[in-house]
Amino acid sequence: MDWPALMLLGLFANTWVSAEQFTPCPEKCTCLTAEHHVKCTYGNLTTIPPDVSNSTIELHMDYNNLTFLQQSFHQDLPEMRALFLRNCNIQTIKPDTFQKVTGIQHLYLDANEIQELENGTFEDLSNLLYLYLQKNKIVHLQPDIFSPLKNLIALYLTDNLLAEISDGSLNGLTQLRWLDLGFNMISNISKEAFKASVYLRKLDLQNNLLTSVPPFKSIISLQVLRLSGNRIRKLSSTSFSRNLKSVSELYVDNMGLKRVSSLALRRLRRLDVLDLRNNSLTSLSVSKLKSSTTIYLTGNPWKCDCSIAELYIRLLMGKKNDPEQEVQCKSPKGLEDRSLTTINVSVINYVGSSMY
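Next comes the structure, spelled out in structure tokens:
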């Protein structure tokens, strides 16, 4: 190729790059052209601007007024990987809404007014990895509503109005690793609810209305279980099934828990953290826990007699200075408000034996 032709080719190449770099940014938006990011927040917009570049990778539409989502609310955006629709007053999402953004991996729908997810809402989103639905008003999950999300890793449903997780609610979520259902009104979880999500690693059920530990018979890889703030008053030998042996963090604080049986934790052989704070426990058997497990104990009405001897010895041997791991005596008379580890062992044994 001769020199003039090379010069002409270079001119065309430079013209294309320049055109790409200087694509007009939509009104009420700011654009990071090199990153293909578009930000159209706080614009009182009712739809995605039609002149958003179809090479956009990340689109922020937070704090607008997109009350009704359907296919026509945006154009074809084949390169889209993250779509932010937070705080947009969204009430309804039609099944065909996401047909033109099938490549997205992160979808933010949190802090809206969504009450129901219609069947087919996520039909075209098999590439989705993270779905954020917290802080809505969702009262029920349709069977198979998430079944198209074959690659979903994390699902956030915190702070909704869910009362039950029934059979089929989580169907299809075979790759799910993190599920957040905290701050709902859940009182019942079906035995088959987690059937598809056998590799779930983190499950947050805090601040619901559960009165017993739900069945987790299908989950085999759970590492973190948060039950804080429920209404579970007792942990028995059947509370935690054998398949939960991989749990390393268990949060059962702020539940009004009155009793933990001596065999309740025997299957949790890898437990590193046990949070029992702010319950109604007077004693605790720790013989089935490994010696390295960190136990948070404050905020309980501990009875410092021989029934707490196991815990007394463990605390003395641990020699940790974390105040959250201390036991403050509530009874018997004469030991109120004393730290357990400051009491002589003979006093503990005498108090216990003198009562029988």
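FYI, in mature numbering (1 follows the signal peptide of the UniProt record, and there is no 0) the residues of the sequence shown are -19 to -1, 1 to 337. Beta carbons are placed, not taken as given, at the ideal position from N, Cα and C, and that holds for glycine. Since this is a predicted model, take the numbers as computed values, not measurements.
Simplified DSSP assignment, three categories, for residue i
{"i": "Asn235", "result": "coil"}
{"i": "Tyr111", "result": "strand"}
{"i": "Ser273", "result": "coil"}
{"i": "residue 340", "result": "This structure cannot speak to residue 340, because the chain is shown only from -19 to 337."}
{"i": "Tyr180", "result": "coil"}
{"i": "Pro23", "result": "The residue asked about is misnamed: residue 23 is Tyr in this sequence, not Pro. In the structure shown, Tyr23 sits in coil (DSSP, three-state: anything other than H, G, I, E or B)."}
{"i": "Tyr293", "result": "helix"}
{"i": "Gln309", "result": "strand"}
{"i": "Asn141", "result": "coil"}
{"i": "Val33", "result": "coil"}
{"i": "Ile95", "result": "coil"}
{"i": "Gln2", "result": "Because Gln2 sits at a pLDDT of 48, beneath the cut-off of 50, its placement in the model cannot be relied upon, and the following sentence gives the value as read from the coordinates. Looking at Gln2 - three-state DSSP - the assignment turns out to be helix."}
{"i": "Asn224", "result": "helix"}
Nearest neighbour of residue i, chosen from the options [CA to CA]
{"i": "Ser283", "options": "Leu321, Glu291, Lys271 and Ile294", "result": "One point to set straight first is that residue 283 is Trp, not Ser, in the sequence displayed. Looking at the Cα atoms, Leu321 is the closest of the given residues."}
{"i": "Leu190", "options": "Met166, Pro196, Ser178 and Glu173", "result": "Met166"}
{"i": "Asn260", "options": "Lys215, Arg248 and Ser222", "result": "Lys215"}
{"i": "Asn224", "options": "Leu249, Asn211, Cys69 and Pro304", "result": "Leu249"}
{"i": "His87", "options": "Asn281, Thr73 and Leu66", "result": "Leu66"}
{"i": "Tyr21", "options": "Met42, Ser268 and Ser217", "result": "For clarity, residue 21 is Cys in the given sequence; the question names Tyr instead. Cys21 has its Cα closest to that of Met42, out of Met42, Ser268 and Ser217."}
{"i": "Leu47", "options": "Ser36, Leu90, Val82 and Asn35", "result": "Leu90"}
{"i": "Asn35", "options": "Asn132, Val19 and Glu60", "result": "Glu60"}
{"i": "Leu154", "options": "Pro129, Val308, Phe164 and Ser171", "result": "Pro129"}
{"i": "Ile146", "options": "Phe164, Asn211 and Glu173", "result": "Glu173"}
{"i": "Ser209", "options": "Met236, Ser222, Pro195 and Val194", "result": "Met236"}
For residue j and residue i, the rounded distance between their alpha carbons
{"i": "Tyr180", "j": "Arg158", "result": "6 Å"}
{"i": "Leu160", "j": "Lys183", "result": "6 Å"}
{"i": "Arg258", "j": "Leu238", "result": "10 Å"}
{"i": "Ile200", "j": "Ile134", "result": "15 Å"}
{"i": "residue 425", "j": "Gly101", "result": "Outside the displayed range of the chain (-19 to 337) lies residue 425, so it cannot be described from this structure."}
{"i": "Asn93", "j": "Gln187", "result": "21 Å"}
{"i": "Gln72", "j": "Thr27", "result": "13 Å"}
{"i": "Tyr111", "j": "Ser178", "result": "15 Å"}
{"i": "Thr323", "j": "Thr219", "result": "35 Å"}
{"i": "Val205", "j": "Leu252", "result": "10 Å"}
{"i": "Glu39", "j": "Val33", "result": "11 Å"}
{"i": "Leu106", "j": "Ala63", "result": "12 Å"}
{"i": "Phe197", "j": "Tyr23", "result": "43 Å"}
Bridge partner(s) assigned by DSSP for residue i
{"i": "Tyr89", "result": "Phe65 and Tyr113"}
{"i": "Gln80", "result": "Note: Gln80 sits in no beta bridge, so no partner."}
{"i": "Tyr74", "result": "With the sequence shown as reference, residue 74 is identified as Ile, and Tyr is not the correct amino acid for it. Per DSSP, Leu50."}
{"i": "His41", "result": "Lys20 and Phe65"}
{"i": "Glu230", "result": "Val205 and Val254"}
{"i": "Lys284", "result": "Ser312"}
CB contact check: residue i to chain C, cutoff 7 Å
{"i": "Asp91", "result": "Here there is only one protein chain, and chain C is not present."}
Query raised in the report: If you pair each beta-carbon of the segment 146 to 164 with each one of the segment 125 to 135, do three or more pairs fall below 8 Å?
Result: yes
Query raised in the report: Taking three-plus beta-carbon pairs below 8 Å as touching, is the segment 291 to 299 in contact with the segment 310 to 317?
Result: no
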